[in-house]
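Student: The listed protein sequences correspond, in order, to chains A and B.
According to the working numbering, the first sequence is numbered sequentially starting from 40.
According to the working numbering, the second sequence is numbered sequentially starting from 40.
Number of protein chains: 2
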Amino acid sequence: MQIIQATYEQLSAQVTQRQNQTANKPEIEAAVAKIIANVRQNGDAALTQYAQDFDKVSLSDFKVPQATIDAAYDACPADLLAALKLAKRNITSYHKKEITYGFMDAEQPGVIRGQKVMPLAAVGLYVPGGTAAYPSTILMSAIPAKLAGVEKIVMVTPPQKDGINPTVLTAAKLAGVSAIYQVGGAQAVAALAYGTKTIPQVDKIMGPGNIFVATAKKQVFGQVDIDMIAGPSEIGIIADKSADPKKLAADLLSQAEHDKLARPMLVTPSLELAQAVSAQVDAQLTTLPRAEIARASVENEGFIAVVANLDQAFDLMNQIAPEHLEVQVPEAITYLDQIKNAGSVFFGESASEPLGDYVAGPNHILPTAGSARFFSPLGVLDFVKRTQFIQYTPAALAKESKAITRLARVEGLEGHARAIEARQ
Amino acid sequence: MQIIQATYEQLSAQVTQRQNQTANKPEIEAAVAKIIANVRQNGDAALTQYAQDFDKVSLSDFKVPQATIDAAYDACPADLLAALKLAKRNITSYHKKEITYGFMDAEQPGVIRGQKVMPLAAVGLYVPGGTAAYPSTILMSAIPAKLAGVEKIVMVTPPQKDGINPTVLTAAKLAGVSAIYQVGGAQAVAALAYGTKTIPQVDKIMGPGNIFVATAKKQVFGQVDIDMIAGPSEIGIIADKSADPKKLAADLLSQAEHDKLARPMLVTPSLELAQAVSAQVDAQLTTLPRAEIARASVENEGFIAVVANLDQAFDLMNQIAPEHLEVQVPEAITYLDQIKNAGSVFFGESASEPLGDYVAGPNHILPTAGSARFFSPLGVLDFVKRTQFIQYTPAALAKESKAITRLARVEGLEGHARAIEARQ
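(1) So for I372 of chain A, helix, strand or coil by DSSP?
(2) Checking the sheet assignment: what are the DSSP bridge partners for V150 of chain B?
(3) Along the beta strand (DSSP E) that carries I544 of chain B, what are the first and last residues, could you check?
(4) Just checking my contact of A278 of chain B with A333 of chain B at CB under 8 Å: how many whole Å lie between their CB atoms?
(5) Could you name the residues that DSSP lists as bridge partners for V384 of chain A?
(6) Using a Cβ cut-off of 8 Å, pull out every chain A residue sitting near S217 of chain B, in sequence order please.
(7) Looking at T139 of chain B: is its Cβ nearer than 8 Å to the Cβ of V384 of chain A?
(8) Under the three-state reduction of DSSP, which class applies to Y220 of chain B: helix, strand or coil?
(9) Taking only beta-carbon positions, decide if E365 of chain B is within less than 8 Å of chain A.
(10) Could you give the residue range of the alpha helix (DSSP H) that holds D83 of chain A?
(11) How far does the beta strand (DSSP E) with A278 of chain B in it reach, from first residue to last?
(12) Taking the C-alpha atoms as reference points, what is the distance between H480 of chain B and E273 of chain B?
(13) Against L164 of chain A, what residues of chain B qualify as contacts under a CB-to-CB distance less than 8 Å, listed in chain order?
(14) Inspect the beta-carbon positions of V71 of chain B and Q199 of chain B and report whether they are closer than 8 Å.
(15) With a threshold of 8 Å between beta-carbons, can V207 of chain A be considered close to chain B, or not?
(16) With 8 Å as the C-beta to C-beta threshold (strictly closer), list the residues of the stretch 426–443 of chain A near chain B in chain order.
(17) With 16 as the cutoff for other CB atoms within 10 Å, does M143 of chain B come out buried or exposed?
(18) Within the 8 Å Cβ cut-off, does R464 of chain B reach chain A?
(19) Pull up the DSSP beta-bridge partners for P158 of chain B, would you.
(20) For E146 of chain A and G275 of chain B, I'd like the C-alpha separation in whole angstroms.
(21) Assign L310 of chain B to buried or exposed, taking buried as 16 or more other Cβ atoms, counted over all protein chains shown, within 10 Å of its Cβ.
(22) Measuring only the C-alpha atoms, how far is V464 of chain B from T107 of chain A?
(23) Quick one: what's V306 of chain B bridged to in DSSP?
(24) Residues of chain B with CB under 7 Å from S415 of chain A, in chain order?
(25) Just to make sure I have the definition right: I need the residues of chain B whose C-beta is within less than 9 Å of the C-beta of G418 of chain A. Which are they?
(26) Strictly below 8 Å CB to CB, what residues from chain B border E157 of chain A?
(27) Using the rule of at least 16 other Cβ atoms within 10 Å of the residue's Cβ for burial, across every protein chain shown, is T196 of chain A buried or exposed?
(28) Secondary structure at F251 of chain B, three-state DSSP: helix, strand or coil?
(29) Can you find at least 3 beta carbon pairs, one from the stretch 211–219 of chain B and one from the stretch 282–300 of chain B, that sit closer than 8 Å?
(30) Closer than 8 Å by beta-carbon distance: list the chain B residues that pair up with I372 of chain A, in chain order.
(31) Could you tell me whether the Cβ of G223 of chain A comes closer than 8 Å to any Cβ of chain D?
(32) Using a Cβ-Cβ distance cut-off of 8 Å, determine whether D290 of chain B contacts chain A.
(33) Judging by CA-CA distance, which residue of A:K280, A:S180, A:M356 is the nearest neighbour of V54 of chain A?
(34) Quick one: is R445 of chain A buried, meaning 16 or more other Cβ sit within 10 Å of its Cβ, or exposed?
(35) Mind pulling the chain A residues with CB within less than 8 Å of I459 of chain B?
(36) List the endpoints of the continuous beta strand (DSSP E) containing Q44 of chain B.
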């Protein structure tokens, strides 16, 4: 793994350059636009055709029967079901603390102002097919939606010749998913955004997918809401010489194995630690099943940067705004105030990143590619909307009428002023 | 104004059809992409060139001098300044109630889980030029940003031959805007998203603009966050025969005067009221300064629908999900529970929509085109981000290790399991 020793300014410039690389793929944009238009026009017929063309599957009915879901759940090995239930329990107890409420303000005479918080009526969850179908992600998205009060949680997933992964079906049942449809790709996103005879229209579409799914989500944004467009996984580690190189290397590789474009990053003031971690990464790679993917990630996307001190390490990580950030220094949690931009933070030696992927409870759907500067982890707030309301007595309106008409007229909106004067 | 008497199903189908009309303008997409690429590559030089080409203005410096802002503020007429201050006071007191905090959860032995809420570091506010420059919108966006704790609020607005509107400068000063730059169009959005030597990079871009500005915002989404893409203004009114046709007509016209594409809509069980309002709209149009705009809106986009009862009126409005909703029936506020989808709701005869545009306090930047199904009014939450964190003791991790490794291996992620086992 590459060790970079450079000035802080050089490191910082490198980070800026990486963050501003955005890809534009007009041919994919056009292909996706065509799929969306076709689904809008031809509904289920288009979906059937795409299942045949893209997934090589003939389907008479997209909906997965409840009996199939129940059978998968009942056949789930006991230890696996227990693990899923532990995850559900912790995800639920954490996300319960995110629930917000509206308010009613009657502090001014004759004036009621308020805000009502309501769940979205229906949300759609995209679950990729094959090896990228993660049961844990279903828990992470459906549980906050349930806590928000969403009544209809629709799951879509590409049709598979030998049926949907049974652990995916088990997780969906455990999380309270309302219905599962075997539809994948951009066509699934289009169906959720506009509705077909079979697939209900939803208010928000979540979940990871390939470039076609991500592009489709971006194109239907506005027609429905979407969660963020997830980029490759990232782990940033801040550590000093007290840290254990074996554990750090294992954590870096746990993210590297996701994707050749994943970004494992270590920033440390200790050259000695940097060298030891680099050697450990090489050693551990030799026995890792997904070594090919992890090696590409480590060699092309990863780095170990040696900085002058911990302050610089935090500054650099705040600029990177990593999806996951481990802080492996003594009394790690006391550095909470130094963290400005990160999706999810893991303090201390025992808080290994995969703990957060599965059972700790905070969400694992997190902002990537520097977007933790402005995006947040998925949570209950993503499944509610707010509505404002006011009521004024005639006397309360009279008190503010002059201000309203003055402002309306300075903006050239005479009709606004007259609506107020119609009350006088 | 057109009166529609149809079955509920017919009305409902008409609403669905309108909502699914989305425009796609590939030639504008391409022009905007070119502008963004140019600003990214050439920075301030590109901005200077665009100011000359598009705005016919030669600028040596984009930044509006503080002395110019102060002079505009000092010259503001007393009654106008008082009106702006009233608006600021009410916007502040309302939005203060939206402030949220993080939490720290230490309920399980050896486990700390929490969430930290932090302001965005910098936000950009686009203010259109000419007659569409609304001082009230500056208050509505900058005040919640300030309350969230945003330190840098950058305003951009197209250069004007005779200088920026002084009320805009006054509102910007009053709201706590940090700096104002004379840059407009897609190039202003690009500058805020990527930064130039003069214009700082921000984390989120807000504010209304023409199709070029809206398209640019959509294209830079992901590089920065954006507020919603605003469509034409909408007002929905639910009223029964107790309502005053004069006031309803004035309220419908107050939104119609914004834009030829604005949508004034009345739904009522009373045919008599429908006819009276329609006549009043015609009468009031004859003296309205912006009658040409308002007439186009009323005739082409507006409607009065007569339904069987109030329940149907609420159902139809929930399907429309209007930006503004007036409920003009006796004891209007008792219908709060019937409202599912609306940006901002005005209960009772005195709560005329323009009251909410200017001084009541709730935000006037609201979801349009049916997106109140899933989007919310602009507020303090739009200017913060959340970061999660955890810390586990070795014993706490040991208790959950088996569940983690079980889930990691069922997902095929051996490296994840090994990172946990490196702690044993």
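Cβ coordinates follow ideal geometry from the N, Cα and C atoms, glycine included.
Tutor: This is what the structure holds:
(1) helix
(2) B:Y431
(3) Since the displayed chain B opens at 40 and closes at 463, residue 544 of chain B lies outside it and no answer follows.
(4) 19 Å between Cβ atoms; not a contact.
(5) A:L364, B:F428
(6) Ordered by position in chain A, no residue passes the 8 Å Cβ test against S217 of chain B, which lies about 17 Å from the chain.
(7) no
(8) strand
(9) no
(10) 83–94
(11) 273–278
(12) Nothing about residue 480 of chain B can be read from this structure; chain B reaches only from 40 to 463.
(13) Those within 8 Å of L164 of chain A in chain B number zero; the least Cβ separation is about 15 Å.
(14) no
(15) no
(16) T426, Q427, F428, I429, Q430, Y431, T432, P433, A435, L436, E439, K441, A442, I443
(17) exposed
(18) An answer regarding residue 464 of chain B cannot be provided, because it is not within the stretch 40 to 463 covered by chain B.
(19) B:V423
(20) 28 Å
(21) exposed
(22) The structure shown does not extend to residue 464 of chain B, since chain B spans only 40 to 463, so no value can be given for it.
(23) B:I277, B:A344
(24) K424, R425
(25) Q154, R425, Q427
(26) It should be pointed out that residue 157 of chain A corresponds to Met in this sequence rather than to Glu. Going along chain B in sequence order, the residues near M157 of chain A (Cβ under 8 Å) are K379.
(27) buried
(28) helix
(29) no
(30) I151, F428, Q430
(31) No chain D is present in this structure, whose protein chains are A and B.
(32) yes
(33) A:M356
(34) buried
(35) S391, P393, L394
(36) 42–44
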